[in-house]
């Protein structure tokens with residue numbers, strides 16, 4: 073969100089990948105037996121990889137190819153939920169409308185002026201979205217929609233992190249925290265407004281440690297004095313809000329508001345998870361957000377050691393309860409917005425993601441399913457770099473956070489564009 077939820081948003085990362093997402097790319101992905109039966113290996117993987125006939129010497133981050141023909145009985149190939157629940161189709165339509173709105177702005181014109189992939193233009197992205205919306209309204213099933221896409225669209229597949237199309241998926245969300253507009257003995261740890269004179273600060277800017285002190289309570293002595301925006305009860309919560317780039321706040325009087333990204337002090341993010349692993353406090357493999365939180369619950373004094381190691385610092389603005397905003401300045405939609413590296417990927421464009429995503433079962437336990445989802449590319453993030461990274465927005469609150477905390481898998485990313493008339 074211009075980093076709002078993400079601009080820093082996926083600074084959203086504890087381990088150079090993500091917090092609250094799984095911090096280790098080595099975690100073995102689990103798949104439900106039902107989906108394994110429906111999706112034999114050649115359907116789940118091979119058909120979705122970049123065909124070997126394509127040269128990998130080209131430098132473009134996206135490669136044009138025809139849509140993938142679904143294997144028989146492979147339900148994971150189709151985005152069936154948009155035809156099963158009215159709310160799902162409504163959410164996707166809303167996300168499309170927001171991208172169409174963005175694509176008509178001067179910011180979009182500027183973003184596409186020097187876009188690095190030939191033939192991907194703002195006009196083509198706009199027309200493709202409009203046509204997809206028409207098909208979404210006139211088709212009666214996911215199969216019918218997929219068949220229409222095969223006839224009318226081509227895919228531009230991300231070359232991924234290996235030039236074969238493998239993309240690392242993590243997820244992010246908007247946390248909900250208790251906070252106060254005034255400091256009290258209970259609410260002691262602040263987040264801050266953007267300093268009005270930030271551009272005149274000498275460079276390099278002060279680090280996190282220099283701005284707020286090791287304990288997060290010393291800013292009153294320096295440049296941030298008087299810029300306090302809200303106060304939190306826990307030392308870790310304002311820091312996690314900075315990682316996510318936004319937060320929804322529950323105030324003592326029962327009302328809610330929200331804060332979003334407003335700027336930063338221009339340092340690269342350093343993840344707590346990586347630092348804990350480097351110091352031998354926790355193993356890197358299998359590290360998750362719950363494991364990190366459990367560690368700091370046992371050793372809260374160590375927050376004052378590890379948080380200051382991250383020199384980056386995020387400033388906020390109050391959004392008065394508005395939805396979390398993406399980097400293209402439109403509200404994000406749960407399950408339908410993604411964040412990518414906007415120096416490479418087309419902002420506002422329609423995409424198809426295919427990855428293993430966790431869902432709660434009736435007992436509340438998370439189970440992973442390989443799914444295909446139509447999404448809109450509406451955000452970016454400090455830890456989302458290169459063609460091999462996608463962050464998937466899962467919404468607001470605890471369940472979204474629980475799911476984000478165990479989302480890490482390799483999948484594929486495609487952009488849908490109408491076939492060129494040339």
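In this note's numbering, the protein residues as written are 73 to 494.
Every residue, glycine too, gets a C-beta built ideally from N, C-alpha and C.
Note that this is a predicted model, so its numbers are computed, not measured.
Item to complete: Identify which residue in 170, 241 and 149 has its Cα closest to the Cα of residue 217.
Response: 149
Worksheet item: Are there three or more Cβ pairs, one per stretch, closer than 8 Å when the stretch 206-222 is compared with the stretch 294-304?
Response: no
Discussion item. By the DSSP assignment, the alpha helix (DSSP H) with residue 484 in it spans what residues?
Written reply: Note, residue 484: premise wrong, no alpha helix (DSSP H); beta strand (DSSP E) at 480-490.
Worksheet item: Would you say residue 244 and residue 411 are within 9 Å of each other, going by their C-beta atoms?
Response: yes
Worksheet item: With 16 as the cutoff for other CB atoms within 10 Å, does residue 479 come out buried or exposed?
Response: buried
Worksheet item: Out of curiosity, what's the CA-to-CA distance linking residue 280 and residue 227?
Response: 43 Å
Worksheet item: Pairing CB atoms from the stretch 482-490 with CB atoms from the stretch 227-243, are three or more of them under 8 Å?
Response: yes
Worksheet item: residue 174 lies in the alpha helix (DSSP H); which residues open and close that run?
Response: 158-175
Worksheet item: Should residue 273 be labelled buried (16 or more other beta-carbon atoms within 10 Å of its own) or exposed?
Response: exposed
Item to complete: Rank 263, 328 and 428 by C-alpha distance to the C-alpha of residue 304 and give the top, closest one.
Response: 263
Worksheet item: Does the beta-carbon of residue 467 have 16 or more other beta-carbons within 10 angstroms, so that it is buried, or is it exposed?
Response: buried
Discussion item. Quick check on the DSSP output: what are the complete alpha helix (DSSP H) runs of length 4 or more inside the stretch 298-359, in order along the chain?
Written reply: 308-316 and 344-350
Discussion item. Give the list of continuous alpha helix (DSSP H) stretches no shorter than 4 residues that lie fully inside the stretch 351-413.
Written reply: 361-370 and 375-378
Worksheet item: What whole-angstrom Cβ distance do residue 334 and residue 389 have, given they're in contact under 8 Å?
Response: 4 Å
Discussion item. Between 142, 234, 383 and 415, which has its C-alpha nearest residue 22's C-alpha?
Written reply: Nothing about residue 22 can be reported from this structure: the residues present for the chain run from 73 to 494 only.
Worksheet item: Between the stretch 447-463 and the stretch 188-195, are three or more C-beta pairs nearer than 8 Å?
Response: no
Worksheet item: If we ignore side chains and look at the alpha-carbon of each, how far apart do residue 450 and residue 124 end up?
Response: 30 Å
Worksheet entry | Local conformation of residue 210 per DSSP, three classes | helix
Practice prompt. State the Cα-Cα distance for the pair residue 165 and residue 284, rounded to the nearest angstrom.
Written response: 43 Å
Worksheet item: Does the separation of the CB atoms of residue 384 and residue 342 fall below 9 Å?
Response: yes
Worksheet item: Does the beta-carbon distance from residue 163 to residue 405 come in below 9 Å?
Response: yes
Fill in: Beta-carbon proximity list for residue 445, same chain, < 6 Å, skipping 5 on both sides
151 and 425
Worksheet item: In angstroms, rounded to a whole number, what distance separates the CA positions of residue 310 and residue 261?
Response: 7 Å
Practice prompt. Look up residue 221 in the DSSP assignment and say whether it is helix, strand or coil.
Written response: helix
Worksheet item: Based on the DSSP secondary-structure assignment, which residues constitute the bridge partners of residue 423?
Response: 447 and 487
Worksheet item: Which whole-angstrom value describes the C-beta separation of residue 378 and residue 348, a residue pair presumed to lie in contact below a C-beta threshold of 8 Å?
Response: 7 Å
Discussion item. Please report the straight-line C-alpha distance between residue 345 and residue 171, rounded to a whole angstrom.
Written reply: 34 Å
Discussion item. Please identify the residue among 141, 329, 366 and 191 whose C-alpha is closest to the C-alpha of residue 394.
Written reply: 329
Worksheet item: According to DSSP, what are the bridge partners of residue 463?
Response: 242 and 411
Worksheet item: Tell me, which residues are paired with residue 452 by DSSP?
Response: Answer is none; residue 452 lacks a bridge partner.
Worksheet item: Can you round the beta-carbon distance between residue 434 and residue 475 to whole angstroms, since I take them to be within the 8 Å contact cut?
Response: About 15 Å; that fails the 8 Å criterion.
Practice prompt. Determine the closest residue to residue 420 out of 208, 402, 436 and 428, with distance taken between C-alpha atoms.
Written response: 402
Item to complete: Figure out for me which residue from 469, 146, 188 and 387 has the closest Cα to the Cα of residue 268.
Response: 387
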